[in-house]
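Note that the protein sequences, when read in sequence, are chains U and S. If you want the working numbering, it's the position in the first sequence, counting the first as 1, plus 9. With the working numbering, letter number 469 in the second sequence gets 461, and the count goes up by one each step, no holes. Glycine is no exception: its CB is placed at the ideal position from the N, C-alpha and C atoms. Only a predicted model underlies this, so the values are computations on that prediction, with no experimental measurement involved. Here the structure comes first, spelled out in structure tokens, and everything after it is commentary.
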Amino acid sequence: MPLNLKRIPSALFLLGSIFLVAVILSLSNSYRKWVVVLPDLPSKISVSGMQTAGSLYILRQTHEPLFRLIDGQNYSSTILSKWHRSIDYTEYMFCLSSGVQFDLSHKFTPELFTAYLRDTTNIFDRSSTVRRIENCVFVKFAKPRKSYLSYLTMYQHAPTCSVSEDVEEGLGDFRVTRKTASEATLMRKKSVWRGYNTIEIKPYISPDNPALQDRNISDFNKIPVDGIPEWVKQKYPHTTIASLNSLLLLINHPDKTVRDEVYNCMDTDMLRTAFAPKKKTPFWVIQNILPLGVAGAKAGKPIQHCRGRLPLHAPLIFADLLSDNEDSMRKMLLDFSLRTGVPVTLRTIKAAEFLSSLSRQTKGYNLAIISSDVDEIDSHPYLDYFSWFDFDLPIARNLYSQLKQEEDRNRAEELVRRIAREFEREKVVLPIYQGVREIYYPPEVKNIVVGLTFSEFQRVGDLRW
Amino acid sequence: MFRLCGRVFAYNWRYYALGLFVFITFWQVFSVYSAGVVADDKLRTSMRQNAAYFEKAFLDGDVFETQRILWRIKNDNIKRITFHPVSFEGSKWIFKEAVIGNIYQRPWAQRTYSVSFISNGAELGTLEYVIDWADVNAFVFEANYVLFIAVVVLFLVLMVVSNLGSIRTILAIERSVNDINRLSDNSNTAGMSAAVKKNLEALPPDLLGVPFSQMTGKMVDSLQRTARLENELAVSKAMSDLSAQVAHDIRSPLAALDMAVKNTADMPEEQRLVIRNASNRIRDIANNLIEKYRRPDAGQVSQSVPSSTYVCLLSGLLDPLLTEKRLQFQSRPGVQLDMPLSPESYGLFASVQPVEFRRVISNLVNNAVESLGDKGMVSLRLSQAGGSVAISISDDGKGIAPEIVAKLGQKGETHGKAGGSGLGLYHARTTVEGWGGMLAIASEPGKGTAITLTLPAAEPPQWFVPELVFSPGQYVVLLDDDGTIHQVWKGRFASSRVGEQGVESLNLSEPSGLRQWVASNPDKVKEAVYLLDYELLGHRETGLALAQELGITAQSILVSSRWEEPQILAECQRLGMRLLPKNLSGLVPIRVNVAKVHCAPIVLLDDDPLVHLTWKMAAKGKGVELKPFRTAADLLSQIASLDKQAPIYIDSELGCGVKGEDIARQLHEAGFTSLYMETGHPPEEFARLKFLKGVISKDPPWQS
Chain U
10 MPLNLKRIPS ALFLLGSIFL VAVILSLSNS YRKWVVVLPD LPSKISVSGM QTAGSLYILR
70 QTHEPLFRLI DGQNYSSTIL SKWHRSIDYT EYMFCLSSGV QFDLSHKFTP ELFTAYLRDT
130 TNIFDRSSTV RRIENCVFVK FAKPRKSYLS YLTMYQHAPT CSVSEDVEEG LGDFRVTRKT
190 ASEATLMRKK SVWRGYNTIE IKPYISPDNP ALQDRNISDF NKIPVDGIPE WVKQKYPHTT
250 IASLNSLLLL INHPDKTVRD EVYNCMDTDM LRTAFAPKKK TPFWVIQNIL PLGVAGAKAG
310 KPIQHCRGRL PLHAPLIFAD LLSDNEDSMR KMLLDFSLRT GVPVTLRTIK AAEFLSSLSR
370 QTKGYNLAII SSDVDEIDSH PYLDYFSWFD FDLPIARNLY SQLKQEEDRN RAEELVRRIA
430 REFEREKVVL PIYQGVREIY YPPEVKNIVV GLTFSEFQRV GDLRW
Chain S
-7 MFRLCGRVFA YNWRYYALGL FVFITFWQVF SVYSAGVVAD DKLRTSMRQN AAYFEKAFLD
53 GDVFETQRIL WRIKNDNIKR ITFHPVSFEG SKWIFKEAVI GNIYQRPWAQ RTYSVSFISN
113 GAELGTLEYV IDWADVNAFV FEANYVLFIA VVVLFLVLMV VSNLGSIRTI LAIERSVNDI
173 NRLSDNSNTA GMSAAVKKNL EALPPDLLGV PFSQMTGKMV DSLQRTARLE NELAVSKAMS
233 DLSAQVAHDI RSPLAALDMA VKNTADMPEE QRLVIRNASN RIRDIANNLI EKYRRPDAGQ
293 VSQSVPSSTY VCLLSGLLDP LLTEKRLQFQ SRPGVQLDMP LSPESYGLFA SVQPVEFRRV
353 ISNLVNNAVE SLGDKGMVSL RLSQAGGSVA ISISDDGKGI APEIVAKLGQ KGETHGKAGG
413 SGLGLYHART TVEGWGGMLA IASEPGKGTA ITLTLPAAEP PQWFVPELVF SPGQYVVLLD
473 DDGTIHQVWK GRFASSRVGE QGVESLNLSE PSGLRQWVAS NPDKVKEAVY LLDYELLGHR
533 ETGLALAQEL GITAQSILVS SRWEEPQILA ECQRLGMRLL PKNLSGLVPI RVNVAKVHCA
593 PIVLLDDDPL VHLTWKMAAK GKGVELKPFR TAADLLSQIA SLDKQAPIYI DSELGCGVKG
653 EDIARQLHEA GFTSLYMETG HPPEEFARLK FLKGVISKDP PWQS
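Quick look at the structure:
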């Protein structure tokens, strides 16, 4: 039967209508927001200084390091038009792409680029030389620096630009458009199709907060696992990741005898129970400061030998960053004091105040439980506890400095183990447990990739639904 | 060109779409399968290449290094890899699994495969990898879309090219059909062959001679044949119409001629014969025309029931048969065939099967002619005998011996007929006897033979007019476009003296005349009798329609030569009108129903006592009341008591110098309307007296 040509316009109209509806539906979803709940919001968004979970999360969205490590071993750049290295890792060439800018009024010029590289490389290796030819910058090292590119993948070394007192802008996909003490809004600089063009940051208050039942929240991965609502665990796809999130007891006392007493006599089970009385999620016990998943880590409890009571001693100050565990903590510390003769005073302190104490010579506390949030494994930040103490740990620090310079992986791993042993010998850090983490993501996201970076700090700009 | 492509597409789009769909599906499936096989192969190769490094990281418990190596093993078509380590004593590996890749779940498209991770013979664990076939398909298309589109286009072109032969054929067929349609619409059948031939030559050589081209040729022949037949049919129809018209029109003068033939007693025999033969011949021609070019719907009734009998007008069956026989024996001028119709043969019906009846009569006539020598006469007579009808076929041939006559009519008996089988007479006898009749043979050698068929008379159908009955004072209105038929009726009325009995006739030739008369004489309409022709030349309305229009169907009789046509018969029956075959106009009995009409006596004014006596005797015999007067004074003295419509017959010579026409004039002025001169003088002498209704002889008017 020949084609009824009179039906073609109707068919085309129908197809066109279907297509239009699909486009409209798609467009209607193009303004989906990414809502994340963070335990804290930094007072200042900056690449420098101590980073918290909140600040690291935001930096991930607003800043773009010079390089990204893709597939675990190869580097790529969205800032450079081309780059080159010598085969012996002594010379590097980086050429800036045209049109790179922080925002409409702040361009990333070749001059800025050169200055940035000079400053950043100088920190990495003082022996480096930097020179610029047009939009290309040449970096030369006295000796091979294999880890230079890895160094340039760190967010702390990403190009940044101060646009206000408390906000630094980077070359990332988003910029901060609104910031309060507890909330913030990030807008994508260039909208993308089927991506998240807005990030809303909400505060995490407590696990019981009704605001956590909001079905529009996309990311719960920065709050304690206990705080993740049940509906998220049922609706959102999830996977177990190798997290370097571990709870550690910092023992900040110049007297090693005291440190020994605390290290060997602190009951880690009691401490864990007292510190997080409502904790239900699984955890691993770790023997040393190295988190499981890192070469040299050991599972199991720390090796402790409690020798008995110490003579009467001045009370130690326990800085507690949580507010809902006072009763259990007091009880536990009383027990500790009775056993060891070392009195311990519990003092509840806010995270901001605690962080601000890091810049002081005397921290104001002797004991504190911290949780390490790491965004890059290769930088070994889980070993960088030196600023938490009132005293120096020269051997460990020296080893850490060697570690940061070490290019060879095997030797680096050995240094890591030695640093861990040093911390153990000095009794400055008592590992309590390592948290097991499941990460949850909204089901509409199609391209969540695990195993590449720290998935708790997901680059929202890369996500597509 | 675009139009051609569009039409090619319009013809085949379904098949192109199906072919494309199959090709694309096959391409995609094959590409995706190949990509899957390659991905699997690449993964296994990478596994082997990185096994040693993986083992070290695994044993060190370095999850992150493990993940890095897994990324090296993974390739673009592997969506996700999950490493499930083996457990062994002293294992540092406490993770259940290490996952790298996209965690998005799409169960309907994703398939999980497993492979053991072997490092130099040691199994480290199980490597599960997920291939998302939807992603692979998209990747394959994305990677090869230029090639894909190029191949698809090429495939489409190949399909079109491969169809070129059939496309050419289709287009040739289409051109051919269009040409034929166009020529057919223009009735140009002559050009069809050339057009078809031209289009066939455009076909690929392999298609010449195949059934399609043969079919096309046959179709053209058929069309041309059909056109020719249509032309012939049109001509035949025109001939039929013309013949019917001629046959119809010729009936009227024929009736007049038949009338004239009756009054040829003073004419020499030879002339009489010539007139009669000419009259017969004209009738034969008319009948033959009717028979030869009979309308398709005429005579349907008789043909639809061939085997059953029904009531037929015998003269209607015999008349055309005789015509046919005259034509059949035209080559024997010495043979005369005759069938004189008389009033006795009028209105004779019998229940017969017409075809068989004709065949019987035909055979008998043939036999009669066969018995004649070079010259002779065969006569058919139709008469009524009591309750039967007799058809007699007589000849003046050689006759048959009595002993042979006795045997004739039996099967196989024949007499004197070369090649005769004797079945004709036997068939005639059995057929007639089957109708309840009988066949009688009378013959005398040397003098001739007469075969008489006797059939039970059948009651005439209701539509038949057995006689025309009028009443005194009644009008008889004749409507016929043919002047000769008016002459016939005038002659009939004159010979029947209906006028003398107070029946007035009115001759009209156009419908308007009838309408005018009806409108002008409302008091006479219902009493009048109407004899209406069916076809009125130059007028659309028929006699039937006119009767219906004027509301005079009950009083009307259709006089038509087309009385046999079923639709006319049916219409008459529907309207309640009767039919009179026109050729029987000269035979239909006419009667004036004197008793029905008026009670007024007939008045006679004559001074001759002998006339008085004759009239009295005749009046007594007829039951007519007669008022005779011998003098004008007597009549005028009683004028007041006389009915103004009473017929008054006045002698022209009343004695004492009194003229009858003067008295007639006085009576006319007094309002008397039926005035007649009763005289021996020729009627022309009284032509000036227009008020006279007639001039008769001395004989009483009711004496016929």
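- Per DSSP, reduced to three states, the secondary structure at S:ALA611 is helical.
- Note that the C-beta distance between U:VAL351 and U:GLU270 is below 7 Å.
- The Cβ atoms of S:ILE159 and S:VAL0 lie closer than 7 Å to each other.
- By the Cβ rule, the segment 168 to 178 of chain S does not count as touching the segment 4 to 22 of chain S, because fewer than three pairs are nearer than 8 Å.
- Nearest C-alpha to S:THR301 among S:PHE75, S:PRO448, S:TYR45: S:PRO448.
- For S:PHE462, the uninterrupted beta strand (DSSP E) segment begins and ends at 460 to 462.
- In this chain, the alpha helix (DSSP H) harbouring U:CYS274 covers 265 to 274.
- Here S:TRP100 is exposed, its C-beta having fewer than 16 other C-beta atoms within 10 Å.
- Near chain U, meaning a CB-to-CB distance below 8 Å, the residues of the segment 37 to 67 of chain S are ALA49, ASP52, GLY53, ASP54, VAL55, PHE56, GLU57, GLN59, ARG60, ILE61, LEU62, TRP63, ARG64, LYS66.
- Beta-bridge annotation (DSSP): S:TYR668 is paired with S:TYR641, S:GLY686.
- Here S:SER501 is not near S:ASN585, since their CB atoms are 7 Å or more apart.
- By the CB criterion at 7 Å, U:THR71 and U:GLY179 fall inside the cutoff.
- By the Cβ neighbour-count rule, S:MET430 is exposed, with fewer than 16 other Cβ atoms within 10 Å of its own.
- S:SER108 carries a strand assignment under DSSP once its states are collapsed to helix, strand and coil.
- The Cβ neighbour count for S:GLN630, taken over all protein chains shown within 10 Å, is under 16; the residue is labelled exposed.
- The beta carbon of S:ILE86 falls within 7 Å of a beta carbon belonging to chain U, placing the residue at that interface.
- Checking the DSSP bridge columns, you'll see S:ASN499 partnered with S:LEU470.
- Take the alpha-carbon of U:ALA304 and the one of U:ARG418: they are about 11 Å apart.
- Annotation for U:PRO286: ASN334, SER337 place their beta carbon closer than 7 Å to its own, counting only its chain and skipping 5 residues before and after.
- Among the CB atoms of chain S, one or more fall inside 7 Å of the CB of U:VAL458.
- Residues of chain S whose Cβ lies closer than 8 Å to the Cβ of U:GLY302 are, in chain order, GLY53, ASP54, VAL55, PHE56, PHE87.
- In this structure, S:GLY649 lies away from S:ASP643, with their beta-carbon atoms at least 7 Å apart.
- Looking at the DSSP output, U:ILE378 bridges to U:LEU258.
- Shown here, U:GLU239 sits in a helix according to DSSP, grouped into three states.
- In the three-state scheme derived from DSSP, where H, G and I count as helix and E and B as strand, S:ASN575 is classed as helix.
- DSSP places U:MET341 outside any beta strand (DSSP E); the residue lies instead in the alpha helix (DSSP H), whose first and last residues are 335 to 349.
- With respect to chain S, the C-beta atom of U:THR290 has no partner C-beta closer than 7 Å.
- The alpha-carbon of S:ARG507 is positioned some 11 Å away from that of S:VAL517.
- In this structure, U:LYS42 sits near U:THR207, with a CB-CB distance shorter than 7 Å.
- Contact between the segment 472 to 487 of chain S and the segment 567 to 581 of chain S is present: 3 or more CB-CB pairs across the two stretches fall below 8 Å.
- Contact between the segment 132 to 151 of chain S and the segment 105 to 121 of chain S is not established, with fewer than three Cβ pairs separated by less than 8 Å.
- The contact set of U:LYS455 on chain S, defined by CB atoms closer than 8 Å, consists of ASN94, TYR96 in chain order.
- The C-alpha of S:ILE443 is placed about 8 Å away from the C-alpha of S:SER435.
- In this structure, DSSP gives S:THR161 a helical state, which the three-state scheme calls helix.
- Within chain U, no C-beta atom comes nearer than 9 Å to that of S:VAL138; the closest sits roughly 23 Å away.
- For U:THR249, the neighbours in chain S by C-beta distance under 8 Å run, in chain order, PHE87, LYS88, GLU89, VAL91.
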